[in-house]
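Trainee:
Chains as they are written, first to last, in my numbering: chain A, 658 to 990; chain B, 1135 to 1280.
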């Protein structure tokens, strides 16, 4: 026997699972009025007035597969239900909960006592139908589609349609961006912290010894260097940047220097380079020698050059002239 | 009630993180572009393959700029690039003062054309101060150089 859901439009109460006989009894007792709405249980068939459903008025006949729906006769809305073209789901749910009759429990027919699954399914259907079609909002634009859904095996079709439309949006998996945000913040922090520390690339140089009195060294320089050559790889650079290693000229470029220094170290076992550059040697040539020594891991010693003797005389007049010019200028002006 | 549970599930919305990610990436790009990992070289220090990094805050800077054609003695500047011109004694005093505050490194930013002897003079004068190590500033070798 087919079960029916009845919506009491006067009380806004939904009662499910009534049999046709129960409805007939309700009609007889005045519990159910002709203006109340009914539809087959568990379907999304549009609600129809009981007065328009002849099979309910004559309970002996089985209900037709598809209840007729007459739009013109069902437009009467229950007062508190907001009439919208497209009902907002949450609102409908709340109203549906309010409308759910705790008192109507005794009228619910044992379809509810099946299993948990059935219960859930039923409930889901019920909710869906209540949100879109369950309330008399059926007169909205949903109406046009409705009969197509109800064609043929309505149970299966309806369920499939409903479940698809319901869980479709919910199942759209969003990329979880939380991890990405974490990493990005780490990077931001890293840049923040490192931006404040600026590193300068430098070469550490040994402390030039202050002991050699320039004059004395200048006197005995040749001999001293000869003695030193036994302990150090002697690298001499003159003012023009010409390099001599152990008194032999070497091209002043990195690969040749390292090659020569490496040979010198391997053949003689000396591990320290003594850099003896002239005073006027450009700084970059000395750095080149440091770099070459660093490249093959030699220790570095620096011989303090004699103070300018050749160049200073050349410079001194210029210096004097500059000073004189400086002194002369105010006098001239 | 089941209806209540289901409706609350439907309302379980995630915070939309997309704008946050956008902002964070903007920040990251800004930091990337604006951060300066190595100090700009204000003098043309010689290139070198090897070297140690020294933090700006942990060293005293002395600059030996490129000698002017007319000038005889390359001047010595206190600080990096542009600073007051000082004598050797003043430089030593400044380094000693900094060493008292725990800054025990001295970086000589010497132009490649400065005479080697002059660099050593300054280094010798500065290293009179107890516990100071002397570094000469170098820069990265150009990629084309061997």
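Glycine is no exception: its CB is placed at the ideal position from the N, C-alpha and C atoms.
So within the region 1193 to 1248 of chain B, which uninterrupted alpha helix (DSSP H) runs reach at least 4 residues, ignoring any that extend past its ends?
Mentor: Counting whole runs of 4 or more residues, the region 1193 to 1248 of chain B contains the alpha helix (DSSP H) stretches 1222 to 1234.
Trainee: Taking the alpha carbon of residue 1242/B as the point to measure from, which residue in 1222/B, 1234/B, 1231/B has its own alpha carbon closest?
Mentor: Checked all of 1222/B, 1234/B, 1231/B; the closest Cα to residue 1242/B is 1222/B.
Trainee: Is residue 889/A close to chain C? Criterion is C-beta to C-beta, closer than 8 Å.
Mentor: Given the protein chain composition of this structure (A and B), no chain C is represented.
Trainee: For residue 859/A, is the classification buried or exposed, using 16 other Cβ atoms within 10 angstroms of its Cβ as the cut-off for buried?
Mentor: Classification of residue 859/A: buried, given that the 10 Å Cβ count is 16 or more.
Trainee: With a Cβ-Cβ cutoff of 8 Å, do residue 940/A and residue 1245/B count as a contact?
Mentor: Yes. Within cutoff.
Trainee: Could you tell me whether any Cβ in chain B is nearer than 8 Å to the Cβ of residue 794/A?
Mentor: With a pLDDT of only 41 at residue 794/A, under 50, the local geometry of the prediction cannot be trusted, and the value read off the model is given with reservation. Not closer than 8 Å to any Cβ of chain B, the Cβ of residue 794/A fails to qualify, so no.
Trainee: Residues bridged to residue 947/A by DSSP?
Mentor: According to DSSP, which records beta bridges pairwise, residue 947/A is partnered with nothing at all.
Trainee: Can you look up residue 683/A in the DSSP assignment and give me helix, strand or coil?
Mentor: In the structure shown, residue 683/A sits in a helix (DSSP, three-state: H, G or I).
Trainee: Pairs of beta-carbons, one from the region 886 to 897 of chain A and one from the region 921 to 932 of chain A, closer than 8 Å: are there three or more?
Mentor: Touching, yes.
Trainee: How about residue 941/A: is its C-beta nearer than 8 Å to some C-beta of chain B?
Mentor: Chain B, which has a Cβ nearer than 8 Å to the Cβ of residue 941/A, makes this yes.
Trainee: So, does the CB of residue 1153/B fall closer than 8 Å to a CB anywhere in chain A?
Mentor: No, residue 1153/B does not count as interfacial toward chain A.
Trainee: Do residue 1266/B and residue 1193/B have their CB atoms nearer than 8 Å?
Mentor: No, Cβ-Cβ distance for residue 1266/B and residue 1193/B is not below 8 Å.
Trainee: Can you pull out the residues from the region 928 to 952 of chain A whose beta carbon lies closer than 8 Å to at least one beta carbon of chain B?
Mentor: Listed in sequence order: 934, 935, 936, 937, 938, 939, 940, 941, 942, 943, 944, 945, 947, 948, 951, 952.
Trainee: What does residue 1267/B touch in chain A if you count any residue whose Cβ is under 7 Å from its own?
Mentor: Within 7 Å Cβ-Cβ: 861.
Trainee: Between residue 786/A and chain B, is there a C-beta pair that is closer than 8 Å?
Mentor: Annotation note: pLDDT 42 at residue 786/A (below 50); position unreliable, coordinate value reported separately. Chain B contact via Cβ: absent.
Trainee: On a CA-only basis, which of 669/A, 895/A, 681/A is nearest residue 1003/A? Give me that one, please.
Mentor: Beyond the ends of chain A as shown, which are 658 and 990, falls residue 1003/A; an answer cannot be given.
Trainee: With which residues is residue 902/A paired in a DSSP beta bridge?
Mentor: Looking at the DSSP assignment, residue 902/A forms a beta bridge with 892/A, 905/A.
Trainee: Please state if the CB of residue 1151/B and the CB of residue 845/A are separated by a distance shorter than 8 Å.
Mentor: No.
Trainee: Taking residue 1250/B and residue 842/A to be in contact with their CB atoms under 8 Å, please state how far apart those CB atoms are, rounded to whole angstroms.
Mentor: Their Cβ separation, rounded to whole angstroms, is 50 Å, which puts residue 1250/B and residue 842/A out of contact at 8 Å.
Trainee: Determine the burial state of residue 711/A: buried for a count of at least 16 other Cβ atoms within 10 Å of its Cβ, exposed for fewer.
Mentor: It is exposed - the Cβ of residue 711/A has fewer than 16 other Cβ atoms within 10 Å.
Trainee: Quick check: the Cα distance between residue 911/A and residue 840/A, rounded to an integer number of angstroms?
Mentor: Cα-Cα distance, rounded: 43 Å.
Trainee: At a Cβ threshold of 8 Å, is residue 1216/B touching chain A?
Mentor: Answer no: the Cβ-Cβ gap between residue 1216/B and chain A never drops below 8 Å.
Trainee: Just to confirm my understanding: we take residue 691/A, look at its own chain, exclude 5 residues before and 5 after, and list those with CB closer than 8 Å. What are they?
Mentor: Hits under 8 Å: 684, 706, 707, 708.
Trainee: Residues in the same chain with beta-carbon distance under 8 Å from residue 953/A, minus the five sequence neighbours each way, listed in chain order, please.
Mentor: Closer than 8 Å at Cβ, skipping near neighbours: 915, 918, 919, 922.
Trainee: Would you list, in chain order, the members of the region 838 to 851 of chain A that have their beta-carbon closer than 8 Å to a beta-carbon of chain B?
Mentor: Under the 8 Å Cβ criterion, the region 838 to 851 of chain A contributes 838, 841, 842, 844, 845, 848, 849, 851.
Trainee: In three-state terms, what does DSSP make of residue 1191/B?
Mentor: Note: residue 1191/B maps to helix in three-state DSSP.
Trainee: Would you please verify whether the beta carbon of residue 702/A is less than 8 Å from any beta carbon of chain B?
Mentor: Not one chain B Cβ lies under 8 Å of residue 702/A.
Trainee: Kindly say whether residue 918/A, judged by its beta-carbon, lies nearer than 8 Å to any beta-carbon of chain B.
Mentor: Residue 918/A does not count as touching chain B.
Trainee: Kindly list the residues whose CB is nearer than 6 Å to the CB of residue 667/A, restricted to its own chain and excluding five residues on each side of it in sequence; keep chain order.
Mentor: Excluding positions up to five away in sequence, the list is empty.
Trainee: Assign residue 696/A to one of two classes, buried (16 or more other C-beta atoms within 10 Å of its C-beta) or exposed (fewer than that).
Mentor: Residue 696/A comes out buried.
Trainee: What does a CB cutoff of less than 7 Å around residue 1237/B pick up in its chain, not counting 5 residues either side in sequence?
Mentor: Result list for residue 1237/B: 1192, 1193, 1194, in chain order.
Trainee: Does chain B have any CB closer than 8 Å to the CB of residue 834/A?
Mentor: True, the Cβ-Cβ gap to chain B drops below 8 Å.
Trainee: Residues in its own chain within less than 6 Å of residue 933/A by CB, not counting five upstream and five downstream?
Mentor: Excluding residues within five positions, the ones whose Cβ falls inside 6 Å are 893, 960.
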